[in-house]
Each structure stands twice: as C-alpha cells, then as structure tokens.
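All you need for this note's numbering is the position in the sequence shown, starting with 1, plus 44.
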Amino acid sequence: TSLTPRQKEVLELVILGFTDTEIGDKLGISNDSARNHAISLLNKLTALSRTELIVIALSENLVNKEWLKTKLADRVALLQTLSDTDKKILEMAATEPDNRLIANDLLISKRTVENNLTKIYDKLGVRNRQEAVLIHLLA
C-alpha cells in the first residue's frame with residue numbers, strides 16, 4: 045500500500061493516539077480535514093477502527109516500528125507490570141473490538157473486561173484502547 049506524505053503524517057499521529065483536533069493543530073489543518081484524512085486512511089487500509097488501523101500499519105510496515113519503540117520505550121517497559129489476565133485481555137483487544145466477545149472467550153463478565161482495560165490504560169499511562177494496543181504490539 046502506497047501512502048502520500050500527508051497520509052503518512054496523519055497515520056503516525058493516529059498511531060500515537062492523537063485526536064482529530066490534535067492532528068489538526070499539529071499539522072495546521074482544520075479538524076474536519078484531519079478527520080477526513082483519518083477516514084481516508086481507514087478506507088484505504090480497509091480498517092474498521094483506529095485500533096485496527098494500527099495493527100494493519102504495523103503489520104504492513106507502513107511506519108517505522110523501531111522509531112515507535114524508541115519513542116514509547118518507557119511505556120513498553122510497563123507491560124511487565126500487567127497481570128497475566130491483563131496481558132491476555134490486551135492481546136485479545138488488538139484483534140477483537142467487542143468486549144463482550146473477549147469476556148465470552150475468557151469466561152468472565154463484560155464489566156470485568158472493561159474494568160481490566162481501564163486498569164491497563166492507567167498502568168501503561170495511555171488514554172485508550174488504541175494506545176494500549178500499540179504498546180502491546182511494540183513489545
């Protein structure tokens with residue numbers, strides 16, 4: 045898959061967890077333009093979510109994984125603080141967007157999955173699923 049320079053810029057920022065507003069501010073474009081670029085990337089890479097976009101971008105080497113590892117090394121190291129259950133939930137969250145299905149697979153409640161994900165975000169110092177999945181994929 046070939047990306048334009050602007051698409052690569054937006055992709056890197058999406059991967060780093062920037063919101064559309066933050067992307068717009070960083071690149072000097074409107075929020076709508078930033079959102080449209082992100083949507084365009086989702087469509088181009090046939091991703092259903094920003095989390096899936098990260099998985100695809102890393103698997104297809106659309107971003108420099110070593111650069112990301114260096115930039116996020118402190119957070120990758122924090123993966124060691126996660127319990128085995130947390131690690132399994134995070135691993136599943138990389139490919140399964142539905143917490144209910146993760147819960148069914150692990151024979152726990154959806155609420156337990158949601159609570160564990162919140163704890164994972166806190167432990168890793170991230171804001172959301174896509175940032176946590178990125179850290180997991182860089183390990």
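We put the CB at the ideal spot given by N, CA and C, even for glycine.
Does the beta-carbon of residue i have 16 or more other beta-carbons within 10 angstroms, so that it is buried, or is it exposed?
{"i": "Asn160", "result": "buried"}
{"i": "Leu175", "result": "Note on identity: in this sequence residue 175 is Glu, with Leu being the wrong assignment. That one is buried."}
{"i": "Gly72", "result": "exposed"}
{"i": "Ala82", "result": "buried"}
{"i": "Ala183", "result": "exposed"}
{"i": "Gly68", "result": "buried"}
{"i": "Ala121", "result": "exposed"}
{"i": "Leu178", "result": "buried"}
{"i": "Leu106", "result": "buried"}
So what does DSSP say about residue i, is it helix, strand or coil?
{"i": "Val58", "result": "helix"}
{"i": "Ser153", "result": "coil"}
{"i": "Val177", "result": "helix"}
{"i": "Gly68", "result": "helix"}
{"i": "Arg79", "result": "helix"}
{"i": "Ser103", "result": "helix"}
{"i": "Arg171", "result": "coil"}
{"i": "Ile73", "result": "coil"}
{"i": "Leu85", "result": "helix"}
{"i": "Leu47", "result": "coil"}
{"i": "Leu126", "result": "coil"}
Under a CB-based cut-off of 8 Å, is residue i close to chain C?
{"i": "Gln51", "result": "The structure shown contains no chain C; it holds only a single protein chain."}
Excluding sequence positions up to five away, which residues of its chain have a Cβ less than 6 Å from the Cβ of residue i?
{"i": "Ala91", "result": "Leu97, Ile100"}
Quick check on the DSSP output: the alpha helix (DSSP H) that includes residue i runs from which residue to which?
{"i": "Val120", "result": "117 to 121"}
Ordered along the chain, which non-local residues of its own chain (more than five positions away) have a Cβ less than 8 Å from that of residue i?
{"i": "Lys109", "result": "Leu102, Leu182"}
Which residues in the same chain as residue i place their Cβ atom closer than 7 Å to its Cβ, once the five residues preceding and following it in sequence are excluded?
{"i": "Thr125", "result": "Lys167"}
Any chance the segment 53 to 64 sits against the segment 97 to 105, with 3 or more Cβ pairs inside 8 Å?
Here the segment 53 to 64 makes contact with the segment 97 to 105; the two share three or more CB pairs at distances below 8 Å.
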